[in-house]
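J.: Take 6 as the starting number for the sequence shown in this note's numbering and just add one per residue. Even for Gly, the Cβ is constructed at its ideal location relative to N, Cα and C. Given the structure is predicted, the values throughout are model-derived calculations rather than measurements. One structure, pasted below without further comment.
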Amino acid sequence: MAARGDQGRRPILRGDYRPPAWLVDHVDLELELAAESTRVLAHLDVRRNPEALDREPLRLSGVELKTRRVLVDGQPLADRQRTMDGESMVIGGVPDVARITTEVEIHPERNTALEGLYAAGSSLLTQCEAEGFRKITWFPDRPDVMATFRVRLIADRARYPLLLSNGNQLESGELEDGRHYAVWEDPFPKPSYLFAVVAADLAVLEDHFTTRSGRQVALKVYSEPVNLHRLDHAMASLKRAMAWDEERWGLEYDLDVYHIIATHDFNMGAMENKSLNIFNARYVLADPDTATDADYEAVEAVIGHEYFHNWTGNRVTCRDWFQLTLKEGLTVFRDQEFTADLRSRAVKRIADVATLMARQFPEDAGPMAHSVRPERYIEINNFYTATVYEKGAEVVRMYQTLLGREGFRRGLDLYFERHDGQAVTCDDFLAAMADANDRDLTQFARWYAQVGTPRLEMTTDYDHERGHYILRFRQSLSAHPDNEQRGPLMVPVKIGFLGPDNQPLPVTRVGEDGEGAETRLLVLTNVDAEFRFDQLPPDALPSVLRDFSAPVRLDYDWSDEQLARLAGHDPDPFSRWQAMRRLAERVLTAAIEAGARLPDAVELLIAAWKAVLEDETLDPALAAELLSLPSEAELAQQRDPVDVDCIHESRKALLMRLSQVLEPVLRARYLACRDGAAWSDSPEAVGRRALSNLILNLMLDGQCEAADGLAVDHYESADNMTDRMGALKALVHGRVGAADRALRGFEDRYRDDPLVMDKWFAVQASVAGADAVRRIEALMAHPAFSLKNPNKVRALLGTFGLHNPTGFHAADGSGYALMGRVIRELDGINPQVAARLATVFNRWQAYGAERAGRMRGELEAIADKKGLSPDVEEIVKAALR
Ligand code: PHE
Ligand code: ZN
6 MAARGDQGRR PILRGDYRPP AWLVDHVDLE LELAAESTRV LAHLDVRRNP EALDREPLRL
66 SGVELKTRRV LVDGQPLADR QRTMDGESMV IGGVPDVARI TTEVEIHPER NTALEGLYAA
126 GSSLLTQCEA EGFRKITWFP DRPDVMATFR VRLIADRARY PLLLSNGNQL ESGELEDGRH
186 YAVWEDPFPK PSYLFAVVAA DLAVLEDHFT TRSGRQVALK VYSEPVNLHR LDHAMASLKR
246 AMAWDEERWG LEYDLDVYHI IATHDFNMGA MENKSLNIFN ARYVLADPDT ATDADYEAVE
306 AVIGHEYFHN WTGNRVTCRD WFQLTLKEGL TVFRDQEFTA DLRSRAVKRI ADVATLMARQ
366 FPEDAGPMAH SVRPERYIEI NNFYTATVYE KGAEVVRMYQ TLLGREGFRR GLDLYFERHD
426 GQAVTCDDFL AAMADANDRD LTQFARWYAQ VGTPRLEMTT DYDHERGHYI LRFRQSLSAH
486 PDNEQRGPLM VPVKIGFLGP DNQPLPVTRV GEDGEGAETR LLVLTNVDAE FRFDQLPPDA
546 LPSVLRDFSA PVRLDYDWSD EQLARLAGHD PDPFSRWQAM RRLAERVLTA AIEAGARLPD
606 AVELLIAAWK AVLEDETLDP ALAAELLSLP SEAELAQQRD PVDVDCIHES RKALLMRLSQ
666 VLEPVLRARY LACRDGAAWS DSPEAVGRRA LSNLILNLML DGQCEAADGL AVDHYESADN
726 MTDRMGALKA LVHGRVGAAD RALRGFEDRY RDDPLVMDKW FAVQASVAGA DAVRRIEALM
786 AHPAFSLKNP NKVRALLGTF GLHNPTGFHA ADGSGYALMG RVIRELDGIN PQVAARLATV
846 FNRWQAYGAE RAGRMRGELE AIADKKGLSP DVEEIVKAAL R
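See the structure below:
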């Protein structure tokens, strides 16, 4: 048996890539499935890779496999022909074309890591990305080895009536002893990480989709029978995704069947296995009674995301795991565009950038900072990050910004034309974009290599002699060893100007004829860049980085008044939001520095809020975005040392002031939003729920008169989960007397519903204050909680660590001690989830000597754990460095 968890694994380097010495053309698998023990018989048709650099022996990866037999062309191997090297079995003397046969035994029921073949409830499921296939059978488990698969599944018919794998079903039938079998064949060569198997007893919702060229595709969405009635939204989302991919990109589905399986036991969001997607149930199940509007949108987006992978990921895949952003950045970009086209583009863009800033910016500034295409890793599972995904999507978006929509489409078409059926690199993607548009993108490639969030410093000037308005930019990269000697980036910057009356001004570059558009694209290529404009008044107000045209931090010293003007009048909705954020950040920063006393600038923020609240023409969903304040965690990011309690008090003081001064306006807008509140999923209704729940929470934060009663009414009259949760949060966070009863009622109603109970855990985990630690401990003992279930860990401990600074950073260190204990225990259960949780300690140094000392102590205690997983080890060692 190959062991895992040997401490001190050496990093794998991008520069060490070598083409595979051996290829596998075809795989024949037979799985005799049972939860206690599954037998896997594999036949691999292997041959030497003509493109290999050396004549190396055949290497197969395997982890935790009980190996029964290894044969080469039907002949058992002599012992000296096979040696072990870490996770690899090295077989010497294999003919250049051969058939390798292995038989192994694995134990799904004991597999708590949820990688490989595992038991999830009464089902057996696989998760192979990134390197889980080696926990199922011996294989050259790397994405540039692509094979066709034929899979024969055998299992007890009563326990597992459903037997699925990738591709089309060829055969099925009865066997003796109550068993049955099914044979599946996937005609598309694929890397092993896209392999999947399901053996289960599930209910199914069926529908079909006819592709543009007339292919009839059977669509099947599965869940446990009690949730069958919650699958309609997932199915509708899938059909919308299929239609959108045809319309927007000309991409059609390529098989006759598409399966989606919902499970409650899943490490991530979902997985794009060819034709057999496996999903975290939270991204499948939805009905108004149990799912919020945000859940509805997330289901649609993740279903879209996994479907879009069929082209960007499966038909064209990654050569090696360093190229992960090739499929993930591109597919996130595609799912963002899907949502933007179907819903509000403005709200979607703001929400995406807000997420990037909240989750990716800290990663860029933290101990695990890496480029979107990392240079090295110890455990690849640690690199499924906001950087690779969300910043990667920003990099893809910049191509579109630079090349235009049509140019980008030409590039994507060429990418598919060149690389369909191949495993390729980010350089190949860039080359397709460049060649299709006859553009030199050499400089653009630096976006794949640079680490950290680049900074743009802007200054303005006016050349009175010539009547030129001047914008100057200086760009810089963060201080990181990987950035040394790296030249300037190519940065697309969208800009515009407002006149003294706040009207947008046409923008004309010096030397251009005619009147320019109100938003213009500038492309920065040097460290220092200067742009001159004609026909602008000296007091024109610059609006810069519209639409967040590049993932950078922009510094310019707008006055408070100017920010308020942009917040009220910028025609670009993202820039309005950005200006509002900057203004709120200024007010909060000043308050934090003055011991929670609000500065005078708060009056400008109040006026800006009032204007938003009173603007009845504004989309309420957009209004809700404009009125969202930076979280305590985001405020903490920008401070060193971090004064946890003062941040909390300052934010509270601001909420209090805003809600008290604006109370009549808030109340009026609240009531207007609640008018005719019967549930509907129209964008209008969704927006009104978003805004009314935001206002309700504000009024409780501000202890407005009779707000408690309003929240109780809101809770009791709710006919949907968005309102129920919105009101529950207001009650619980407002520490209102009625909160306990509401929590108990909620628990009674939903105790058997794991997804809804996640919400119940999360809402309590985020209640501020040092008593949070005891509450978390009590909730961990709740029968619905389990450390084995990743959703529960995220809901309770993830929320506590990331969204409850005053609780987690309790001065006595009890939050740290709790988290440390959990991580050490979880490491033995599920290293991937434990590693993610361990990132809560990343910024330990910034919290003052006392807290820093305690956090370091926890990190060291984790690092010292015997048999610590490489996953957690990589994270804590980076934090301690
Ligand atoms: N590839 C999946 C996605 O982004 C994410 C994932 C990674 C799921 C690893 C499971 C394991 O869609
Ligand atoms: Zn993905």
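Mind listing which residues have their beta carbon within less than 5 angstroms of any non-hydrogen atom of ligand 2? Chain order is fine.
T.: Glu333, Thr336
J.: From the DSSP output, which residues share a beta bridge with His185?
T.: Taking the first residue of the sequence shown as 1, we reach residue 185 at position 180. His185 is bridged to Ala160, Glu179.
J.: Helix, strand or coil for Thr430? Go by DSSP, reduced to three states.
T.: Within the sequence shown, residue 430 is the residue found at index 425, counting from 1. In the three-state reduction of the DSSP assignment, Thr430 falls in the coil class.
J.: Residues bridged to Ser66 by DSSP?
T.: Against the sequence shown, residue 66 aligns to sequence position 61. Note: Ser66 sits in a beta bridge opposite Ser93, Phe144.
J.: Which residues mark the beginning and the end of the beta strand (DSSP E) in which Gly501 is found?
T.: Taking the sequence shown and counting its residues from 1, one reaches residue 501 at position 496. Boundaries of the beta strand (DSSP E) around Gly501: 496 to 503.
J.: Tell me the start and end of each unbroken beta strand (DSSP E) in the segment 217 to 298 that is at least 3 residues and wholly inside, in chain order.
T.: 221 to 228, 262 to 268, 281 to 285
J.: Taking C-alpha atoms, which residue in Gly79, Val102, Thr107 lies nearest to Glu35?
T.: Your numbering for residue 35 matches position 30 in the sequence shown. The shortest Cα separation from Glu35 among Gly79, Val102, Thr107 belongs to Thr107.
J.: Let me check understanding here. Comparing Cα to Cα, which of Lys353, Asn278, Cys323 lies closest to Ala303?
T.: Looking up residue 303 in the sequence shown gives position 298. Distance check between Ala303 and each of Lys353, Asn278, Cys323 places Lys353 closest, using alpha-carbon atoms only.
J.: Roughly how many angstroms lie between the CA atoms of Glu252 and Gln341, to the nearest whole one?
T.: Along the sequence shown, one-based indexing puts residue 252 at 247. Along the sequence shown, one-based indexing puts residue 341 at 336. So the alpha carbons of these two residues sit roughly 15 angstroms apart.
J.: Assign Thr88 to one of two classes, buried (16 or more other C-beta atoms within 10 Å of its C-beta) or exposed (fewer than that).
T.: Here residue 88 corresponds to residue number 83 of the sequence shown, with the count starting at 1. Burial call: exposed.
J.: Per the DSSP calculation, Thr465 is bridged to which residue(s)?
T.: In the sequence shown, the residue the question calls residue 465 occupies position 460. Its beta-bridge partners are Leu476.
J.: Using only the alpha-carbon positions, how far apart do Pro16 and Pro379 sit?
T.: Numbered from 1 along the sequence shown, position 11 holds the residue referred to as residue 16. Numbered from 1 along the sequence shown, position 374 holds the residue referred to as residue 379. Their Cα atoms are separated by approximately 12 angstroms.
J.: Indicate the three-state DSSP secondary structure (helix, strand or coil) for Glu134 in the structure shown.
T.: Here residue 134 refers to the residue found at position 129 of the sequence shown. In the three-state scheme derived from DSSP, where H, G and I count as helix and E and B as strand, Glu134 is classed as coil.
J.: Just to check, is the beta-carbon of Gln341 closer than 7 angstroms to a non-hydrogen atom of ligand 1?
T.: Position 336 of the sequence shown, counting from 1, holds the residue named residue 341. Result no, Cβ not under 7 angstroms from ligand 1.
J.: Any idea if Pro100 is buried or exposed, counting beta-carbon neighbours within 10 angstroms, 16 or more meaning buried?
T.: As a first step, residue 100 is located in the sequence shown; it is residue number 95 there, counting from the start. Flag for Pro100 reads exposed.
J.: Do Ala884 and Phe846 have their C-beta atoms within less than 8 angstroms of each other?
T.: As a first step, residue 884 must be located in the sequence shown, where it is residue number 879. As a first step, residue 846 must be located in the sequence shown, where it is residue number 841. Their beta carbons are under 8 angstroms apart, which means Ala884 touches Phe846 by this criterion.
J.: Touching or not, the segment 284 to 296 and the segment 312 to 332, by the rule of three or more beta carbon pairs under 8 angstroms?
T.: no
J.: Taking contact to mean at least 3 C-beta pairs separated by less than 8 angstroms, is the segment 490 to 504 in contact with the segment 441 to 451?
T.: yes
J.: Would you mind stating whether Phe214 and Cys133 have Cβ atoms separated by less than 8 angstroms?
T.: The residue labelled residue 214 in the question sits at position 209 within the sequence shown. The residue labelled residue 133 in the question sits at position 128 within the sequence shown. A distance of 8 angstroms or more separates the beta carbons of Phe214 and Cys133.
J.: DSSP beta-bridge partners for Gln80?
T.: Position 75 of the sequence shown, counted from the first residue, corresponds to residue 80. BP columns for Gln80 point to Val77.
J.: Scan the segment 508 to 586 and note each continuous alpha helix (DSSP H) run of 4 residues or more that stays entirely inside, going in chain order.
T.: List check, alpha helix (DSSP H) in window: 565 to 574.
J.: Please work out which residues of its chain come closer than 6 angstroms, Cβ to Cβ, to Met6, disregarding the five sequence neighbours upstream and downstream, and give them in chain order.
T.: What you label residue 6 is simply residue 1 of the sequence shown in a count that begins at 1. With a pLDDT of only 37 at Met6, under 50, the local geometry of the prediction cannot be trusted, and no value is derived from it.
J.: Taking 7 angstroms as the cut-off, is the C-beta of Asn272 nearer than that to any heavy atom in ligand 1?
T.: Within the sequence shown, the letter at position 267 stands for residue 272. Yes - ligand 1 has a heavy atom lying nearer than 7 angstroms to the Cβ of Asn272.
J.: Are there any heavy atoms of ligand 1 lying less than 7 angstroms away from the beta-carbon of Ala275, as far as the coordinates show?
T.: Position 270 of the sequence shown, counting from 1, holds the residue named residue 275. Here the distance from the Cβ of Ala275 to the nearest heavy atom of ligand 1 is below 7 angstroms.
J.: Just verifying my parser: in three-state terms, what is the DSSP assignment at Val827?
T.: Here residue 827 refers to the residue found at position 822 of the sequence shown. Helix at Val827.
J.: Less than 7 angstroms between the CB of Tyr389 and some heavy atom of ligand 1, yes or no?
T.: By one-based count along the sequence shown, residue 389 stands at place 384. Checking the Cβ of Tyr389 against ligand 1 gives yes.
J.: So, helix, strand or coil for Met661, using DSSP?
T.: Locating residue 661 in the sequence shown gives position 656, where the first residue counts as 1. Helix, per DSSP.
J.: Please say whether Tyr389 and Met273 have beta carbons closer to each other than 8 angstroms?
T.: For this step, residue 273 is matched to residue 268 along the sequence shown. For this step, residue 389 is matched to residue 384 along the sequence shown. Yes, these two residues count as a Cβ contact at 8 angstroms.
J.: Measuring alpha carbon to alpha carbon, tell me which of Pro635, Val617, Glu637 ends up nearest Ala628.
T.: The residue given as residue 628 occupies position 623 in the sequence shown. The candidate whose alpha carbon is nearest that of Ala628 is Val617.
J.: How would you write the range of the alpha helix (DSSP H) that His424 sits in, first residue to last?
T.: Counted from its first residue, the sequence shown places residue 424 at position 419. Element bounds for His424: 397 to 424.
J.: Using the three-state DSSP reduction, which class does Thr804 fall into: helix, strand or coil?
T.: Here residue 804 corresponds to residue number 799 of the sequence shown, with the count starting at 1. The answer is helix: DSSP assigns Thr804 an H, G or I state.
J.: Whose CA, out of Glu855, Ser242, Asn725, lies closest to the CA of Asp298?
T.: As a working note, residue 298 is residue 293 in the sequence shown. Closest by alpha carbon: Asn725.
J.: Beta-carbon within less than 8 angstroms of Asn442's beta-carbon, same chain only, minus the 5 sequence neighbours each way: which residues are those?
T.: Here the question's residue 442 lines up with position 437 in the sequence shown. For Asn442, where only same-chain residues beyond five positions count, the Cβ hits under 8 angstroms are Leu408, Gly412, Arg415, Gly416.
J.: Please classify Ala8 as buried or exposed, where buried requires at least 16 neighbouring CB atoms within 10 angstroms.
T.: Here residue 8 refers to the residue found at position 3 when the sequence shown is read from its first residue. With a pLDDT of 40 at Ala8, under the threshold of 50, the modelled position of this residue cannot be trusted; read the value that follows with caution. Flag for Ala8 reads exposed.
J.: How would you write the range of the alpha helix (DSSP H) that Leu122 sits in, first residue to last?
T.: Mapped onto the sequence shown, residue 122 falls at position 117. From DSSP, Leu122 is part of no alpha helix (DSSP H) but of the beta strand (DSSP E) over 121 to 125.
J.: How many angstroms separate the CA atom of Ala839 from the CA atom of Gly91?
T.: Counted from its first residue, the sequence shown places residue 839 at position 834. Counted from its first residue, the sequence shown places residue 91 at position 86. So the alpha carbons of these two residues sit roughly 23 angstroms apart.
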